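Take a look at the structure set out below.
Number of protein chains: 2
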Amino acid sequence: MKHVAVTQEEIDVRHLIEWVQDRNCGAVCTFMGTVREFTHGKRTLYLEYEAYQEMAEKMMEKIGDEVLEKFQCTKIAAVHRVGRLDIGEVAVAIAVSAPHRKDAFQGCRYAIDRIKEFVPIWKKEYGEDGSYWVGCNC
Amino acid sequence: MKHVAVTQEEIDVRHLIEWVQDRNCGAVCTFMGTVREFTHGKRTLYLEYEAYQEMAEKMMEKIGDEVLEKFQCTKIAAVHRVGRLDIGEVAVAIAVSAPHRKDAFQGCRYAIDRIKEFVPIWKKEYGEDGSYWVGCNC
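From first to last, the protein sequence lines stand for chains P and W. At position 26 of the first sequence the residue is numbered 26 (my numbering), and the sequence of numbers has no breaks. At position 90 of the second sequence the residue is numbered 90 (my numbering), and the sequence of numbers has no breaks.
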């Protein structure tokens with residue numbers, strides 16, 4: 001079972017964890033990507049994420065299916081936020097449940113790697129010396 | 001920075017996540033080990049965990065230090081519960097923050113593997129055909 005979304009709302013990882021928990025799972029792995037202040041010594045003030053929403057959700061659905069096919073995972077929930085995000089805010093969160101921990105870790109890692117590579121969400125960084133697009137996700 | 005504990009209280013992973021979040025981190029990885037109902041077709045009714053408390057906390061401190069030394073991780077919080085746990089309850093939870101996701105995943109995985117291998121906490125399973133100790137953690 002999977003649940004994916006691209007949203008303007010603040011992400012509460014608790015909801016994702018609750019959604020994936022299952023009495024036949026012994027493991028839940030979660031990942032949160034948060035807005036970092038410094039990258040290679042350069043200060044970020046805030047970020048803006050922009051999505052090609054319909055395609056982004058379709059791609060996230062596909063990635064959810066892949067996780068459930070490739071690993072012994074039971075449920076996956078993945079949410080990406082768009083709009084303006086301040087330092088420390090959660091840009092993307094994933095929760096994966098599985099009977100065993102190896103699969104939960106692998107499924108979660110696979111999901112975030114694929115999301116960063118393939119989902120059409122762009123990030124614009126606002127720093128002290130202006131703003132610039134930093135490509136599709138990452 | 002690290003925070004570890006062995007506790008009788010219910011584990012709330014939110015507190016661990018809040019504790020590790022850091023404005024210079026772009027990644028938080030968490031793991032929760034939960035009580036599974038079926039293992040190889042055998043039904044578990046509930047579990048009891050018993051710790052050699054002082055040594056268990058010392059070992060968890062050591063594992064926390066190892067994670068911070070071996071990987072580019074910023075903070076780690078790890079809590080193991082003891083006493084009676086029902087199906088679905090969280091027995092162990094770990095949260096690790098890092099500037100980048102690779103380190104957050106590696107540190108979190110390393111921590112749970114080491115905890116299961118080395119921390120003196122024993123698990124007694126209560127099933128439909130009686131109870132038995134299932135060794136040190138795992």
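We treat Cβ as the ideally placed atom computed from N, Cα and C, and that holds for glycine. If you're wondering where the values come from, they're calculated on a predicted model, not measured in any experiment.
**Asked** Got a sec: is the Cβ-Cβ distance from Arg23 of chain W to anything in chain P below 8 Å?
**Response** yes
**Message:** Less than 6 Å between C-beta atoms, sequence neighbours within five positions excluded: which residues of the same chain meet that for Gln53 of chain P?
**Reply:** Val6
**Message:** Judging by CA-CA distance, which residue of W:Gly127, W:Glu125 and W:Ile112 is the nearest neighbour of Met59 of chain W?
**Reply:** W:Ile112
**Asked** Does Glu37 of chain P get closer than 8 Å to chain W when you measure Cβ to Cβ?
**Response** yes
**Message:** Helix, strand or coil, according to DSSP, for Glu117 of chain W in the structure here?
**Reply:** helix
**Message:** Give me the subset of the stretch 93 to 124 of chain P whose CB atoms are less than 7 Å from a CB atom of chain W, sorted by chain position.
**Reply:** Pro99, Arg101, Phe105, Arg109 and Ile112
**Request:** Confirm, please, whether the CB-CB distance from Tyr46 of chain P to Arg81 of chain P is below 8 Å.
**Result:** no
**Asked** What's the gap between the Cα of Asn137 of chain P and the Cα of Glu128 of chain W?
**Response** Here the model assigns Asn137 of chain P a pLDDT of 48, short of 50, so the residue's position is not dependable and the matter cannot be decided.
**Message:** Check whether chain C comes within 8 Å of Val82 of chain P, counting only Cβ atoms and requiring the distance to be less than that.
**Reply:** Among the protein chains in the structure shown, which are P and W, there is no chain C.
**Asked** DSSP on Phe31 of chain W, reduced to helix/strand/coil?
**Response** strand
**Request:** Reducing DSSP to helix, strand and coil, say where Phe105 of chain P ends up.
**Result:** helix
**Message:** So, at 6 Å on beta carbons, what are the nonlocal neighbours of Cys73 of chain W in its own chain, with the 5 sequence-adjacent residues on each side left out?
**Reply:** Val67, Val96, Ala98, Asp103 and Gly107
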